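K.L.:
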Amino acid sequence: MRAITQLQQQQLLAIARPTAQTAIAQLPQPDSPQSTIPGQYGGAFVTLRVAGKLRGCVGSFATTNDLAATIRDMTLSSLKDKRFADCPVLADELGQLIIEISVLSPLNRVADPGLIVIGEHGIMVRKGKKQGCFLPRVAVEQGWDMETFLTQACTMKANLPPKSWLEPDTEIFTFTSQVFSESAT
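Residue numbers (this note's numbering): -4 to 180.
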């Protein structure tokens, strides 16, 4: 995955912030931004926090050559995160809103879960039509080891039994991410 430069990070954050502001104000979104960031990426996540608390986090693993449009779409989706349907981000919270972007590498299927490096790899487990994922930092934040990381992805995210990741018909993927955010003020 090609690294996102600091200037490119600023460009992507400069797409996410006005997208959120416009959506919260219920105004029409401007035309789709044109990407000026070359390369192919494995998708992206946008995480929203207000006063340090998670208020939305949605992403896509769809390979993209247009990070600008992906960031805009994931910002809009994060504002509609189902977990926060009863308490969406409001206009008076915009001053405290911190937007974080995670640009993903392509998924890499792994046969040996022992190769997962906590803090470096995010994971996706998939069995049939069910799938769930965690970004790389989740295991570190939660203090999870590899087994707990996979078990929680199965139960919390994919709605699978806890040890489903051990079954031969369950696929395990890893990915890396480059994470950057606005500064807290």
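Using N, Cα and C, we set each Cβ at its ideal position, and we do this for glycine too.
Bear in mind the structure is a predicted one, so any value in this text is a computation, not a measurement.
Output yes or no for whether 9 Å exceeds the beta carbon distance between I167 and P108.
P.N.:
yes
K.L.:
Counting only the same chain and skipping the five closest in sequence on each side, list residues whose C-beta sits under 8 Å from that of P157.
P.N.:
T146, C149 and T150
K.L.:
Mind listing, in chain order, the continuous alpha helix (DSSP H) runs of no fewer than 4 residues lying wholly within the segment 72 to 155?
P.N.:
131 to 137 and 141 to 147
K.L.:
For I167, which of helix, strand or coil comes out of DSSP?
P.N.:
strand
K.L.:
In chain order, what residues of the same chain have a beta carbon less than 6 Å from the beta carbon of Q173, not counting five sequence neighbours either side?
P.N.:
I(-1) and V98
K.L.:
Between A20, H116, A80 and R(-3), which lies nearest to N103 when the distance is taken from Cα to Cα?
P.N.:
H116
K.L.:
Assign A134 to one of two classes, buried (16 or more other C-beta atoms within 10 Å of its C-beta) or exposed (fewer than that).
P.N.:
buried
K.L.:
Are the CB atoms of V105 and S73 within a distance shorter than 9 Å?
P.N.:
no
K.L.:
Identify every residue that forms a DSSP beta bridge with K48.
P.N.:
V45
K.L.:
So, I111 versus M141, is the Cβ gap smaller than 9 Å?
P.N.:
yes
K.L.:
Taking 7 Å as the limit between beta carbons, can you name the residues of its chain near C128, skipping five residues before and five after?
P.N.:
G117, I118, M119, A148 and K152
K.L.:
Given V45, which residues of its chain have a CB within under 8 Å of its CB, disregarding the five upstream and five downstream residues?
P.N.:
V84, E88, Q91, L92 and I93
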